[in-house]
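Trainee:
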Amino acid sequence: MHKKSEGSMLLFLHVSALQLSYLSSFLLYLHSQDFFVASFTLVLPFFPTGSFERMEEEGDVATAFTMARILSNIPVSRGGPTSLVIYDIHALQERFYFGDHVLPCFETGMPLLKQRLHQLPDAQNIVIAFPDDGAWKRFHKQLDHFPTVVCAKVREGDKRIVRLKEGDPSGRHVVIVDDLVQSGGTLIECQKVLAAHGATKVSAYVTHAVFPKKSWGRFVHTDEKSKRAFSYFWITDSCPVTVKEIANKAPFEVLSLAGSIADALQI
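Just so we're aligned, residue 4 is where the sequence shown starts under our numbering, counting upward by one.
Shown next as structure tokens:
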């Protein structure tokens, strides 16, 4: 491998869904410079610990910072620091978690979503919905040519209720946009609120379809009720295990990051 890689530009695409594989792969990253590569680029479509970016009580571990610190210790190659490409990281402030040995490049799946929405027969009737203020702050500027509605989670006793905060979904095809989905509970509650306020169709988009314990099953079209809930559910292929599991299952549709990654590598 030494002679083949010497002076070359080394690209590592990490798409494993297994948390432990990130640590085992780190051993490879550490030794990549032993082969005298000219540069090293790590493409990490999904930053797995991104949603654990803060401590809520003493004893919690902010593993987003921990993972960033681990990646920041990849040795510098002959051409300089490692380039790190990540898609729709959960919190933008995580950019500052990385040290000087890596150059993080943050990309987004929003152009893929916009392209797909413009292909719909009812493209002129699309409204973008954000499930909370965080999603609005994160994505509204990238989707500002669409009308928007914003939902909010409010606490009533021990329950967290989703309510419509602003905007009018009545008579529109509403697309809920967020960076990732786990159990899908927030998306389902948001869909119910939008439908109650007159939305004729509701769809969803997330860049990272994590779906632990096959929770994607809550969205699969199995009867007329489930078909009315979500017309489309767009995801990217940043979580390949999920992509394999939902293949040919409506309403899911996969938007590939391949072209976007190729463009990002031209930077």
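A virtual CB, placed ideally from N, CA and C, is assigned to each residue, including glycine.
Note that the structure is predicted; figures quoted are calculated from it, not measured.
From what residue to what residue does the beta strand (DSSP E) around V165 run?
Mentor: 162-169 is the span of the beta strand (DSSP E), which, as asked, contains V165.
Trainee: DSSP state of Y235, grouped into three classes?
Mentor: Three-state result, Y235: coil.
Trainee: Of all the options A41, L87, H121, S218, which has the alpha carbon lying nearest to the alpha carbon of E248?
Mentor: Nearest C-alpha to E248: S218.
Trainee: Taking R166 as the reference, give the member of L116, L14, L190 with the closest Cα.
Mentor: Selected option, being the one with the closest Cα: L190.
Trainee: Any idea what DSSP makes of G83, helix, strand or coil?
Mentor: Reduced to three states, the DSSP call for G83 is strand.
Trainee: Just to confirm the assignment: which complete beta strand (DSSP E) runs, minimum length 3, are found wholly within the region 80-141?
Mentor: Within the region 80-141, the complete beta strand (DSSP E) runs of at least 3 residues are 85-90, 105-110, 129-133.
Trainee: How would you call Q194, buried or exposed, if buried means at least 16 neighbouring beta carbons within 10 angstroms?
Mentor: Buried is the call here.
Trainee: State buried or exposed for S259, treating a residue as buried only when at least 16 other CB atoms are found within 10 Å of its CB.
Mentor: S259 comes out exposed.
Trainee: What are the boundary residues of the beta strand (DSSP E) that C154 is part of?
Mentor: 151-159 is the span of the beta strand (DSSP E), which, as asked, contains C154.
Trainee: Taking only three categories from DSSP, how would you classify A207?
Mentor: Looking at A207 - three-state DSSP - the assignment turns out to be strand.
Trainee: Could you pull out every residue in the same chain whose Cβ sits closer than 7 Å to the Cβ of Q22, ignoring the five residues on either side in sequence?
Mentor: Caution applies to Q22, whose pLDDT of 48 falls short of 50 and renders its modelled position unreliable; the value that the coordinates give is listed next. Result list for Q22: P51, in chain order.
Trainee: Please report the distance separating the alpha-carbon of A132 from that of V180.
Mentor: C-alpha separation (whole angstroms): 6 Å.
Trainee: Any idea what DSSP makes of S186, helix, strand or coil?
Mentor: S186: coil per DSSP, three-state reduction.
Trainee: Is the separation between the beta-carbon of D125 and that of T111 shorter than 9 Å?
Mentor: It is not a contact, given that the beta carbons lie outside the stated cut-off.
Trainee: Just to confirm the assignment, what range does the beta strand (DSSP E) spanning S259 have?
Mentor: Premise fails: S259 is in no beta strand (DSSP E) and is neither H nor E.
Trainee: What residue range does the alpha helix (DSSP H) around V246 cover?
Mentor: Where V246 is concerned, the enclosing alpha helix (DSSP H) stretches over 243-248.
Trainee: Quick one: using the 10 Å Cβ neighbour count with 16 as the cut-off for buried, is F99 buried or exposed?
Mentor: F99 comes out exposed.
Trainee: How far does the beta strand (DSSP E) with F43 in it reach, from first residue to last?
Mentor: Segment 42-47, the beta strand (DSSP E) holding F43.
Trainee: Exposed or buried, G102, counting other C-beta atoms within 10 Å across all chains shown (16 or more means buried)?
Mentor: With fewer than 16 other Cβ atoms within 10 Å, it is exposed.
Trainee: Determine the burial state of K216: buried for a count of at least 16 other Cβ atoms within 10 Å of its Cβ, exposed for fewer.
Mentor: With fewer than 16 Cβ atoms within 10 Å of its Cβ, K216 is classed as exposed.
Trainee: Is it buried or exposed for N76, if we count other Cβ within 10 angstroms and need 16 for buried?
Mentor: Exposed, since its Cβ has fewer than 16 Cβ neighbours within 10 Å.
Trainee: Can you tell me the Cα-Cα spacing of G220 and S42, whole angstroms?
Mentor: Taking the straight line from one Cα to the other gives about 42 Å.
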